[in-house]
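J.:
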Amino acid sequence: MTSTNLANKGVITVAMSYMQVFEAVAIAIVTCVMNAQAVTTKDDTQSAFLNPPNAYRPTVRYWLPDASISMDVLQSDIDDLAKAGMGGFEFLPFYLYGLPNPNGPPPTDWNKFGYGTPAYKRVFNAAIEASEKNKLLMSFAIGANQGQGSPAKMESKGLAKELALASVVVPSGGKFSGNLPLPPDQALGEMTVTSFMHKTEHRIEQKLVAVVAAKIERGKFTNAPLVLLLMGNCVVDISNYSNSFLSTSIPMNNTYLDESSLVVITSKVKDGKLDYQPPSSGNWQIFAFYERYTNQKSCTGAPIPDSIIGNGSWVVDHFSKSGAQVTTDFIDENILDSSNQKALANIGQYAWEDSMEMYAPAFWTPDFLAEFRARRKYDLTKYLPVLFNGDNVWGQILPPYGNRTYIGGGSDGGQGVNDDYRTTLTELNQRYIQHMQDWSHQKGLEFSNQPAYNLPIDMAAQIPFVDTPETESLGFPTIDLLRRFTGPAHMAQKTVISSETGALTVNSSAYSQTIPELLVFVNEQLVTGVNMFVLHGTPYSGDYSQTTWPSYTPFFYNVPEMHSRCLPAWGSYKYSMDYIARNSLISQTGTARIDLAFLNDAMAFGLKSAPIELTTELASAGFSYEYIGPTNLDLKSANVQNKLLSPQGPAFRALVIDGEGAYPYEVLSKLEGYANDGFPIVFLNSVPTNVSGACLPPCNVKNFQMRFKKLVSQYPDTVKIASSYSTILRALSMVGVKPRIAFTNGSWYHSLWKSAQDSKVDYVYFYNINQTAEATFTIELPEIRYPFKLNAWTGAYSPIVDFKRDRAKIIMTIALPKDATTIIAFAKNQVFNGQRSPEVSVVKTGENILGFDCKNGMIIAKATGDSSVTLSTGDEITVRAKANAPSTLQKWDVVIEDWHPTSNISSTVTEITNHTILETELKPWTEYNLPNVSGIGHYSTSFTLSTVDAILSLGPIQNTVRVYLNGHELPPVDLFNAVIDISKYSRVGVNQLQIDVSTTLFNAAKSRSSTIKTAGTPASLANPRLAESVPSVKYGLLGPVTITPYKPTRVA
């Protein structure tokens, strides 16, 4: 589309279907890619970087409403994913997020169209066929909704169990005689999760496990404020925020028990009755513990089910093999067969489970007490009262029964017992994972899950245990939190670390997320080592019951994003998907090298970020760091060689240990061995004094403390104490630890070092989280290396010519705008992937130099005026150049595609109406009196050049952009640094420029929020952020768009 025919459209409106536009765009993209593939490349790495295979490309979570959908539309959706540059998809039977709070019946008949029905199997097979056709990788959820459950007979073997509690206080001098108390069906703590989980249902069977009595040492009643934000799948304590909408004051009783009085009195129970006289005066408490099924569904069934399948799915036991077998047996019997299994073996990637969204007052499995005794070497029974303090429930927020019980008498309050409970849960969860992995491998697949997510399980222990562990940007929203996930993965030498990327549940809505916002999530994760991205997500795009334009919208308009044909940006997705894929390829190719490991004592999932001052101080000095757990020191890779921990993995240079944490007694001998091998250790605040778990012989607390102190005195050169976070850098310097990359001018970027397996190249990924700035760094390399830039937006390699060399060190300055990234390869050979590094480098640059090119070994300066450069030989080169001054392009012809529903809003088909504005300055669409319009803006203008050499700058890009010059589409544009050298496409004289920018669908959706709906729920009712009164986003190309001519001048 040229500027001429755009202008000729005048002011008439033109309606066309979305598919006409998308098909035209897809053809253009495929042609461009085919042309790119035709270029001769020097080796497989360069070819793969130019056009990454599907294994490195982003996948999407595909939300299937239910099995009533059109299989033709399903297959068309999957065709679209391939055209948009995706490498595959996760097939998720969504069922309205399991419909945890139904206000009415499901939209369709889930007896007929539910998970596991013959209709579902037909849809599943259609997805396999489309995946085969498009050569996409297919993963699938192991159950409906998040995959936690399976259809089964209620209260049958393998379904989830819990330990429930009922108690009664016997006043001093009193006696208990009568029926044992029974626990309520729903614990008080369940209120924290029922906005997005199913409520537990009435239990038929309750098995008495134990009765324990204890004397109350003291009690403390508090009126504890509980402020929670409940939305989506996220429970967040927002006590410090003023805009919370749920504030509840909950009475909380903290009870301390006399440990010497704890006694198991189960044998005194006869036919459900107990007669018990406490042996001494004082108030006593009797605790009755029951094993029972949680009776929690993961997916609602039909209102009047006609079968086990029609009744929906029950959460399965995640701490036993039998729980996993319920899931896999159902899939084997109802979904897989010899034909589709053969296909899955070819195109299948993962059997996959999402975050474990299930509730229990205390998670349990039938053999828990026996397994605990065998693994921890003592009987848990009399200590059961202390398990219900809030640390052992989903999210670790509210005690399940509103009370906290501790062991008094100056002990640890029962913390050691809780540590051991969580350690045992962690180990028993591995039985579940192991069966899932064995079953997946038999199918030619791997298993992936989000380990420990929100459960009282040691995440660091589970990550190495899973084929491909998956994190997510929602639950790990900062770089520091992500490093708590990637550290164990790197220790376990995981090649692939996956992430569910892009979801938001706070201050968010569907149809509002821009591509740059999505890529910020990606960039932050890349710098921590995450290297496979599952975008959240792609909805079924066809018509669905009680659903209107623009599309079936999961999470009822609250959670972004709907990555599909309904978005105006969809035709330009491939460029951003290529960018993600190229970064993932480099990250998966190499081994991460990390400077520091922080030993994390956190046993449960609950995560805490380090102080921002520490993360900034470490990063500004150049240090990369991660967190590992005590169990990670048991991995085969956790040895020390040449003063490096895990030398074949992250090769940590030092270990930092928080002295205020609690650690297993067995860790001490590991640390003593490391210190003896000369490995640097820094204790934060003090040496540790607390042992995690119950300290039973040979464990001895005093011996534990003494040996830690001895480490400091015995190895004074390599073991130090940092008195606070602010002194860590000084302590590291004292033990001789330096970062691999050191920043020197006050500006800094986050970085991730990746070493190729063949040792011929090291890659460093830089990400600027700060405002635009130049950063100068010194990188310490194993030998003489040659730097090359890898452009993840275009797939191009190019030698870097402006740097200083100090033997095996390189000093370099780079400039990145905020949120931008770059990859620099430090190659062993001077010729790298067909590109040759020059014999000399530029070590100093004067003014008026925009940058350098290297062509056939020659260094070319892009000069806008007279200047000088100094070479590594010492020669100073004078640059004589005269170029026209930069100019701003002022007048534009604009055609705005207005994406909107057809006259039948129940149809998900998009209609496009064009609005044309001639000879206008760049301004928001709201100023064109188009406040409710979303779509694509086509901007055209012309400019004149006296020479072909020039730089085009587009200004900030809101969403996506495509640029055409003289009828040729330019290479993809860096969305965070939209600057392009147009010399290969420009001409002397008049040049025709067209810039196409897309928007989100937010303005179009919110302006119709009272009429658009999903499964009968209007958008305006579901999410007030989509109300028609919400201000419109100021869309458009806002510029300034400038042309900067330059003169190419050879300097070496």
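Under the numbering used here, the first residue of the sequence shown is numbered 688, with each subsequent residue one higher.
Beta carbons are placed, not taken as given, at the ideal position from N, Cα and C, and that holds for glycine.
Verify whether the separation of the beta carbon atoms of T1052 and P1072 is less than 8 Å.
T.: Counted from its first residue, the sequence shown places residue 1052 at position 365. Counted from its first residue, the sequence shown places residue 1072 at position 385. Not a contact, by the Cβ cut-off of 8 Å.
J.: Is the CB-CB distance between L961 and V899 below 8 Å?
T.: One-based indexing of the sequence shown puts residue 961 at position 274. One-based indexing of the sequence shown puts residue 899 at position 212. For L961 and V899, no; Cβs fall outside 8 Å.
J.: Could you give the C-beta distance for L850 and V896, rounded to a whole number, given that I count them as a contact under 8 Å?
T.: One-based indexing of the sequence shown puts residue 850 at position 163. One-based indexing of the sequence shown puts residue 896 at position 209. Correct: roughly 7 Å between the Cβ atoms.
J.: Which value, in whole angstroms, describes the spacing of the CA atoms of Q1028 and F778?
T.: In the sequence shown, the residue the question calls residue 1028 occupies position 341. In the sequence shown, the residue the question calls residue 778 occupies position 91. One C-alpha to the other measures close to 15 Å.
J.: Could you name each continuous alpha helix (DSSP H) segment of 4 residues or more that falls completely within the region 1208-1295, going from the start of the chain to the end?
T.: Here the runs fully enclosed are 1260-1276.
J.: Looking at C-beta atoms only, is the number of pairs between the region 1048-1063 and the region 827-835 that lie closer than 8 Å three or more?
T.: At 8 Å Cβ cutoff, the stretches do not touch.
J.: Mapping DSSP to helix, strand and coil, what is L944?
T.: On the sequence shown, residue 944 is found 257 positions in, with the first residue counted as 1. Note: L944 maps to strand in three-state DSSP.
J.: Taking a contact to mean a Cβ-Cβ separation below 8 Å, would you say Y1088 touches A874 in this structure?
T.: As a first step, residue 1088 is located in the sequence shown; it is residue number 401 there, counting from the start. As a first step, residue 874 is located in the sequence shown; it is residue number 187 there, counting from the start. Yes, Cβ-Cβ distance for Y1088 and A874 is below 8 Å.
J.: Report buried or exposed for P1384, applying the criterion of at least 16 other Cβ atoms within 10 angstroms of its Cβ.
T.: Walking along the sequence shown from the start, residue 1384 turns up at place 697. Flag for P1384 reads exposed.
J.: Can you check whether the CB of A839 is closer than 8 Å to the CB of I1094?
T.: On the sequence shown, position 407 is the one that residue 1094 refers to. On the sequence shown, position 152 is the one that residue 839 refers to. Against a cut-off of 8 Å, the Cβ pair of A839 and I1094 comes out as no contact.
J.: Classify K1671 as buried or exposed, calling it buried when 16 or more other Cβ atoms lie within 10 Å of its own Cβ.
T.: Translated into the one-based positions of the sequence shown, residue 1671 becomes position 984. K1671 should be labelled exposed.
J.: So for Q762, helix, strand or coil by DSSP?
T.: Reading the sequence shown from its first residue, position 75 is the one you call residue 762. Helix.
J.: May I ask which residues mark the beginning and end of the alpha helix (DSSP H) holding V1013?
T.: As a first step, residue 1013 must be located in the sequence shown, where it is residue number 326. Counting along the chain, the alpha helix (DSSP H) containing V1013 begins and ends at K1008 to N1021.
J.: Can you find the residues in the same chain that come closer than 6 Å, C-beta to C-beta, to D1107, ignoring five residues on each side of it along the sequence?
T.: Stepping through the sequence shown from its first residue, residue 1107 is reached at position 420. Once the five neighbours on either side are set aside, the close Cβ partners of D1107 are R1063, G1380 and A1381.
J.: Suppose only complete runs of 4+ residues qualify. What are the alpha helix (DSSP H) ranges in the region 1367-1408, listed by chain order?
T.: Within the region 1367-1408, the complete alpha helix (DSSP H) runs of at least 4 residues are 1388-1401.
J.: Would you decide whether D1041 is buried or exposed? Buried here means 16 or more other CB atoms lie within 10 Å of its CB.
T.: Sequence index remark: in the sequence shown, residue 1041 carries index 354 (1-based). It is buried - the Cβ of D1041 has at least 16 other Cβ atoms within 10 Å.
J.: Identify whether N998 lies in helix, strand or coil by the three-state DSSP scheme.
T.: Locating residue 998 in the sequence shown gives position 311, where the first residue counts as 1. Reduced to three states, the DSSP call for N998 is helix.
J.: So is V1738 buried or exposed if we call it buried at 16+ other beta carbons inside 10 Å?
T.: As a first step, residue 1738 is located in the sequence shown; it is residue number 1051 there, counting from the start. Classification of V1738: buried, given that the 10 Å Cβ count is 16 or more.
J.: Taking 7 Å as the limit between beta carbons, can you name the residues of its chain near I1202, skipping five residues before and five after?
T.: As a working note, residue 1202 is residue 515 in the sequence shown. Hits under 7 Å: A1256, S1263, N1646, T1647 and L1662.
J.: Below 8 Å on the Cβ atoms is my guess for L1468 versus D1489; work out the distance and round it to an integer in Å.
T.: Walking along the sequence shown from the start, residue 1468 turns up at place 781. Walking along the sequence shown from the start, residue 1489 turns up at place 802. With a Cβ gap of about 17 Å, L1468 and D1489 do not count as contacting.
J.: Three-state secondary structure (DSSP) at D1145?
T.: As a working mapping, residue 1145 is identified with position 458 in the sequence shown. Three-state DSSP puts D1145 in coil, outside helix and strand.
J.: With H, G and I counted as helix, E and B as strand and the rest as coil, what does DSSP make of K770?
T.: As a working note, residue 770 is residue 83 in the sequence shown. Of the three classes helix, strand and coil, the one that applies to K770 here is helix, per DSSP.
J.: Just grab the DSSP bridge partners of S1685 for me.
T.: Here residue 1685 refers to the residue found at position 998 when the sequence shown is read from its first residue. The partner list for S1685 (beta bridge, DSSP) reads I1623 and T1647.
J.: Name the two residues that bound the continuous alpha helix (DSSP H) containing D1106.
T.: Here the question's residue 1106 lines up with position 419 in the sequence shown. Note, D1106: alpha helix (DSSP H), Q1102 to Q1129.
J.: According to DSSP, is W1612 helix, strand or coil?
T.: Numbered from 1 along the sequence shown, position 925 holds the residue referred to as residue 1612. Three-state result, W1612: helix.
J.: Exposed or buried, what is M1219 when buried is set at 16 or more other beta-carbons lying within 10 Å of its beta-carbon?
T.: Numbered from 1 along the sequence shown, position 532 holds the residue referred to as residue 1219. Flag for M1219 reads buried.
J.: So R1280 and W1440 are in contact, right, with Cβ under 8 Å, and what is the actual spacing, rounded?
T.: By 1-based counting over the sequence shown, the position of residue 1280 is 593. By 1-based counting over the sequence shown, the position of residue 1440 is 753. With 8 Å as the limit, R1280 and W1440 qualify as a contact, their Cβ atoms being about 4 Å apart.
J.: For P1735, list the residues DSSP reports as bridge partners.
T.: Working through the sequence shown from its first residue, we reach residue 1735 at position 1048. K1549, per the DSSP bridge assignment.
J.: Leaving aside the five residues before and after H885 along the sequence, list all residues of the same chain whose C-beta is less than 6 Å from its C-beta, in chain order.
T.: Position 198 of the sequence shown holds residue 885. Excluding positions up to five away in sequence, the list reads P787, Q983 and K984.
J.: Using the beta-carbon count (16 or more within 10 Å), is K822 buried or exposed?
T.: Position 135 of the sequence shown, counted from the start, is the residue given in the question as residue 822. Exposed, because fewer than 16 other Cβ atoms sit within 10 Å of the Cβ of K822.
J.: Which same chain residues, not among the five before or five after E1461, have their C-beta less than 8 Å away from its C-beta?
T.: Position 774 of the sequence shown, counting from 1, holds the residue named residue 1461. Closer than 8 Å at the Cβ level, and outside the excluded window around E1461, lie N1432, S1434, T1500, I1501 and A1502.
J.: Would P1465 pass as a contact of K1515 if the rule is Cβ separation under 8 Å?
T.: Stepping through the sequence shown from its first residue, residue 1465 is reached at position 778. Stepping through the sequence shown from its first residue, residue 1515 is reached at position 828. According to the sequence provided, residue 1465 is Thr. The question's Pro does not apply to it. Not in contact: T1465 and K1515 (Cβ atoms no closer than 8 Å).
J.: Does A1502 come out as helix, strand or coil in the three-state DSSP assignment?
T.: Along the sequence shown, one-based indexing puts residue 1502 at 815. It is a strand residue.
J.: Just the C-alpha distance for T1253 and R748, rounded to the nearest angstrom, thanks.
T.: Your numbering for residue 1253 matches position 566 in the sequence shown. Your numbering for residue 748 matches position 61 in the sequence shown. Sequence check: residue 1253 is Cys here, not Thr. Cα-Cα distance, rounded: 16 Å.
J.: Measuring only from the beta carbon, is Y1266 closer than 7 Å to any heavy atom that is part of the ligand GDP?
T.: This structure lacks the ligand GDP; in fact it carries no ligand of any kind.
J.: When the Cα atoms are used, what is the spatial distance from Y1733 to I1667?
T.: Here residue 1733 is taken as the residue at index 1046 of the sequence shown, counted from 1. Here residue 1667 is taken as the residue at index 980 of the sequence shown, counted from 1. C-alpha separation (whole angstroms): 13 Å.
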